[in-house]
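Accompanying notes for the structure given below.
Protein chains in written order, with the working numbering: chain F, 77 to 190; chain U, 938 to 1050.
Next comes the structure, spelled out in structure tokens:
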């Protein structure tokens, strides 16, 4: 079965420091991976995706993610966190062998403190 | 494009009443998903349509839940009768090809009292 795991319910980081939000996946075949962000009372917004190619993917708002096939990970990163980055972050995988469904992780709450 | 449009944004109803949530996907998208988000269960996939046909409804919790997609530009999620445990935020999302992301609506916050 396809799945996505976000091992941290919450990540706390000081403004200006680098941040990492972790994600591991389990899929059959090549993974299609995504990161989304959700601000309070809003829908999920797409940040970035990995389909193929360079393992380092750059996305919106200065975020990037590194695909690591051997570790089956797709961690979200940002070199310098902003208070406005505080939100709920979801990792997702698209299951190409099961009607192209999206599977989402449980979400990680990022708190960036001034 | 205005994005995925959901209505209403908020719905408060009494237990036992019928509730209908609506979704207009992005024009040209041929896949549509309904999700439910709660604190306890996170984001759950309820049902998935492709070309207006329900492909997988294994996530629909009970027979009280039903979803339709009569055409490419409209879908409904109905709960009849509603129960307090159905209180959640319901999201609709759409996409159009194999390797693109899904686009989400703003959600409908349902409260059943």
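Quick reminder that beta carbons are idealized off the backbone N, C-alpha and C, glycines included.
Residue-level contact to chain F via CB, residue i, 8 Å cutoff
i                       : result
residue 1038 of chain U : yes
residue 1010 of chain U : no
residue 1027 of chain U : no
residue 980 of chain U  : yes
residue 965 of chain U  : no
residue 1042 of chain U : yes
residue 1031 of chain U : no
Proximity to residue i [Cα-Cα], best of the options
i                       : options                     : result
residue 1040 of chain U : U:954, U:972, U:951, U:958  : U:972
residue 189 of chain F  : F:177, F:156, F:167, F:166  : F:156
residue 959 of chain U  : U:951, U:981, U:1028, U:978 : U:1028
residue 152 of chain F  : F:112, F:108, F:129, F:90   : F:112
residue 150 of chain F  : F:128, F:130, F:167, F:121  : F:167
residue 121 of chain F  : F:132, F:133, F:106, F:137  : F:137
Beta strand (DSSP E) segment containing residue i, residue limits
i                       : result
residue 140 of chain F  : 140-144
residue 125 of chain F  : 120-126
residue 170 of chain F  : 163-171
residue 1039 of chain U : That residue, residue 1039 of chain U, is in no beta strand (DSSP E); it is neither H nor E in DSSP.
residue 1022 of chain U : Element bounds for residue 1022 of chain U: n/a, residue is neither H nor E.
residue 87 of chain F   : 86-90
residue 1046 of chain U : 1045-1049
residue 188 of chain F  : 184-189
One or two residues paired with residue i in a DSSP bridge
i                      : result
residue 960 of chain U : U:943, U:1012
residue 995 of chain U : None; residue 995 of chain U has no bridge partner.
residue 973 of chain U : U:981, U:1027
residue 131 of chain F : According to DSSP, residue 131 of chain F bridges with nothing at all.
residue 96 of chain F  : F:153
residue 101 of chain F : F:80
Residue environment, residue i, which counts as buried when at least 16 other CB atoms sit within 10 Å
i                      : result
residue 203 of chain F : Since the first and last residues shown for chain F are 77 and 190, residue 203 of chain F lies out of range.
residue 173 of chain F : exposed
residue 90 of chain F  : exposed
residue 952 of chain U : exposed
residue 217 of chain F : Residue 217 of chain F is absent from the model: chain F starts at 77 and stops at 190.
CB contact below 8 Å: residue i versus chain U
i                      : result
residue 144 of chain F : no
residue 135 of chain F : no
residue 109 of chain F : no
residue 176 of chain F : yes
residue 119 of chain F : yes
residue 129 of chain F : no
residue 182 of chain F : yes
residue 125 of chain F : yes
heavy atom of the ligand ATP below 7 Å from residue i C-beta
i                       : result
residue 1000 of chain U : Among the components of this structure there are no ligands whatsoever, and the ligand ATP is therefore not found.
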